[in-house]
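Protein chains in written order, with the numbering used here: chain A, -12 to 478; chain B, 20 to 257. Every residue gets a Cβ at the ideal spot worked out from N, C-alpha and C, and that includes glycine. This one's a predicted model, so the numbers in the text were calculated from it and none came from an experiment. I have placed the structure first, in the form of structure tokens, so that the comments after it can refer back to it.
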């Protein structure tokens, strides 16, 4: 190797053409040539100035003029455009790449308008995963997701990167039911067991023996998930999906989809149409890029309906409107040194309030969904601290007497992509826009169902039908026909 | 300008890097040659990884045939022996180890329940537990030093809640305090060995474990590094 390197060097040094920087001159140079000095000085000054400028995004590129969007620009054409770079969007992108027949056979673009994820539902959630749902499809999706998360390094591991640790805490969900809902809880547990979930029913006495810190006064029966339930770190999962998808060749850009061009303009009949272009508006700028696409996937979560309302989609084609709306939910954090210990599950009270342990140092997270008529304003993510004092705390303190003395630590708010129709995800092909697929409206379960949803949508796109899980009942047809598919277990 | 840089918190100007291959000489040449094979190396590494996973999966495969034919005790015993571990049946005082001629013994004891399993240092993972969970009389389980045992797997031990008395998860690199928290299902546990389990604050975890399992003796997790002998409370848990 050394000999070879030596052989290369003289050739390179002795390249014909001479040194390009050599000045043309006829006489011996003066000792100080003012013009030559000036040129060098200006070069140095320029370099100094350049060094002073802050290094933006791409380290080597140096500085870009203000107003230029950071990050890569969207390509002019893509096969699949995924609107929304939350955990569902990235999961769809990952599965599209994992299931595609040929490497780099498909150009997938993920569009996210908030690259810092400051308002994203994914990272503002409490991070729970459970098997205890009342709808068969939801249980199946949870079981798929649990096995995906268990083997996450086989699916999302990137060579030469440290293994992914989603910090899963396998502590189980504990649902408490008052006497009037006991029969219903038992029926759902039967369904969950049929699907293979490990769920135990506990009587108040057993409950008291297992969790002595709990007041079981008005509890008739409780269901406790024994396996594959608990909570994990949403940010790690989102990033794992993102890195893996990008390592498989998914393009991403920051921008907002604010317009469509459909084939409805060309045809006379307005029964169905195809989306031909997606207009991606650059952040903080009037500039936009039309992207030619074959398939669009709406994974915009709470803002899925807003995307459908974008310019260019004829109103006739958007009927029925998606019943998905953002709903603000608070997560409160508090400290209670003598609260429930190591065995603390993710507890869902009879009143709908919930809490879980956060770490081992006596911190807890909790909250509850407000009644329908008291839905908070969703224009921002401000937190109503009185909600904890007046609604959540009294309920939790009645269940866990130790919580009567606690110290609030903080709170944040996030959006549920709430499906007001039947509180279940809307999944599959849009009834009128032929090349638009929906994956939104999971009403707070999007994070835990993301691996399964991504796989299902990717199968629909790549293979034309569901293969691993049959989720046809979650399609848009129920919106058209007005037949809700209710899920009881929405927390 | 320097102040501006400080305020903006930038990571400094990009370092001027010599164009590759001009100043490195032989080493640069070697790296460049290797760089041409980057994707091939990556694919080979991915194959290796897949092969490792396949091997792990087949070693942890569920032996449903054995269970259907000879019952869950034989299935669990054969699985344990194939992992290089030891088995003890009820009423025996010696361990059956793979080096002894085990097959006839195991079959002779097919109706005797398994009470103790030593799976220390074996490649047991979540899926391998499929072979063990049907056991109804298991009292002693040694899982120390299992490199693939993680928190998900510990969450499955709740099936032994009524019988298990001694458990060791010592020196399992992938077990954390999150998995230990699920051991509250093991009501009969008398001894728990957690030596060398990596947790952020061993003292606090030990206190929480003792609080969670009041009748259980917790071994090997002390204030400080978690390997020494109990030294009293000179250092409060972080």
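Item to check | Under 7 Å from the C-beta of residue 177(B): neighbouring residues of chain A | outcome: 213
Item to check | Within chain A, partners of residue 201(B) - CB distance below 7 Å | outcome: 157 and 158
Item to check | Residues of its chain near residue 148(B), where Cβ-Cβ distance is below 7 Å and the 5 sequence neighbours each way are ignored | outcome: 172 and 175
Checklist entry - Sorted by chain position, which residues of the same chain lie with C-beta nearer than 7 Å to residue 22(B)'s C-beta, five sequence neighbours on each side aside? => result Annotation note: pLDDT 46 at residue 22(B) (below 50); position unreliable, no value reported.
Checklist entry - Is it true that the CB of residue 347(A) sits closer than 8 Å to the CB of residue 62(B)? => result no
Next on the checklist: On the DSSP letters alone, give me the boundaries of the alpha helix (DSSP H) that residue 192(A) sits inside.
Outcome noted: 191 to 197
Checklist entry - Any beta-carbon of chain B closer than 8 Å to the one on residue 375(A)? => result no
Item to check | Bridge partners - residue 313(A), DSSP secondary structure assignment | outcome: 404(A)
Checklist entry - Between residue 82(A) and the rest of its own chain, which residues show a CB-CB distance below 7 Å, the 5 nearest in sequence each way excluded? => result 441, 442 and 445
Checklist entry - Between residue 42(B) and chain A, is there a C-beta pair that is closer than 8 Å? => result Its pLDDT being 49, under 50, residue 42(B) is placed unreliably in this model, and the coordinates cannot settle the point.
Checklist entry - Which same chain residues, not among the five before or five after residue 156(A), have their C-beta less than 6 Å away from its C-beta? => result 217 and 218
Item to check | Cβ of residue 21(A) within 8 Å of any chain B Cβ | outcome: no
Next on the checklist: So the candidates are 336(A), 276(A) and 449(A); which of them puts its Cα closest to the Cα of residue 242(A)?
Outcome noted: 276(A)
Next on the checklist: Counting only Cβ pairs nearer than 8 Å, list the residues of chain E close to residue 228(B).
Outcome noted: No chain E appears in the structure shown, which is made up of the protein chains A and B.
Item to check | N-terminal and C-terminal residue of the alpha helix (DSSP H) that residue 279(A) is part of | outcome: Run containing residue 279(A): none in the alpha helix (DSSP H); it sits in the beta strand (DSSP E), 275 to 285.
Next on the checklist: With distance defined between alpha-carbon atoms, name the residue in 287(A), 281(A), 286(A) and 245(A) nearest to residue 273(A).
Outcome noted: 245(A)
Next on the checklist: I need the boundaries of the alpha helix (DSSP H) containing residue 28(A), first residue and last residue.
Outcome noted: 21 to 39
Checklist entry - Along chain B, which residues have their Cβ under 8 Å away from the Cβ of residue 312(A)? => result The contacting residues do not exist; residue 312(A) stays about 35 Å from chain B at best.
Next on the checklist: Here's the rule: buried if 16 or more other CB atoms are within 10 angstroms of the residue's CB, otherwise exposed. What is residue 99(B)?
Outcome noted: buried
Checklist entry - Any residues in the segment 347 to 376 of chain A with a beta carbon nearer than 8 Å to a beta carbon of chain B? Which ones, in chain order? => result 347 and 348
Checklist entry - Between the segment 54 to 69 of chain B and chain A, which residues of the former have a C-beta closer than 8 Å to a C-beta of the latter? => result 61, 64, 65 and 68
Checklist entry - At a Cβ threshold of 8 Å, is residue 154(A) touching chain B? => result yes
Checklist entry - What are the start and end residues of the beta strand (DSSP E) that includes residue 98(A)? => result 95 to 99
Checklist entry - In or out: residue 58(B) buried (at least 16 other Cβ within 10 Å) or exposed? => result exposed
Next on the checklist: Can you look up residue 395(A) in the DSSP assignment and give me helix, strand or coil?
Outcome noted: strand
Next on the checklist: Residues of chain B with CB closer than 7 Å to the CB of residue 141(A), please, in chain order.
Outcome noted: 72
Checklist entry - Of the residues that make up the segment 173 to 197 of chain B, which ones have a beta carbon closer than 7 Å to any beta carbon in chain A? => result 174, 175, 177, 196 and 197
Checklist entry - alpha helix (DSSP H) containing residue 263(A): first to last residue? => result Note, residue 263(A): premise wrong, no alpha helix (DSSP H); beta strand (DSSP E) at 262 to 268.
Checklist entry - Buried or exposed: residue 26(A), going by 16 or more other Cβ atoms within 10 Å of its Cβ? => result exposed
Item to check | Those runs of the beta strand (DSSP E) which lie wholly inside the segment 121 to 191 of chain A and span at least 3 residues | outcome: 160 to 164 and 186 to 189
Next on the checklist: Beta-carbon within less than 7 Å of residue 294(A)'s beta-carbon, same chain only, minus the 5 sequence neighbours each way: which residues are those?
Outcome noted: 70, 244, 285 and 287
Item to check | Residues of the segment 114 to 147 of chain B with Cβ closer than 7 Å to any Cβ of chain A, in chain order | outcome: 145
Next on the checklist: Against chain B, does residue 137(A) count as a neighbour if the rule is that its beta carbon must be under 8 Å from one of theirs?
Outcome noted: yes
Item to check | Simplified DSSP assignment, three categories, for residue 256(B) | outcome: With a pLDDT of only 40 at residue 256(B), under the threshold of 50, the placement of this residue in the model should not be trusted, and no figure is reported.
Checklist entry - Taking C-alpha atoms, which residue in 113(A), 137(A) and 429(A) lies nearest to residue 504(A)? => result As shown, chain A starts at -12 and ends at 478. That puts residue 504(A) outside it, with no answer to give.
Next on the checklist: Using DSSP's beta-bridge definition, name the partner residues of residue 240(A).
Outcome noted: 98(A)
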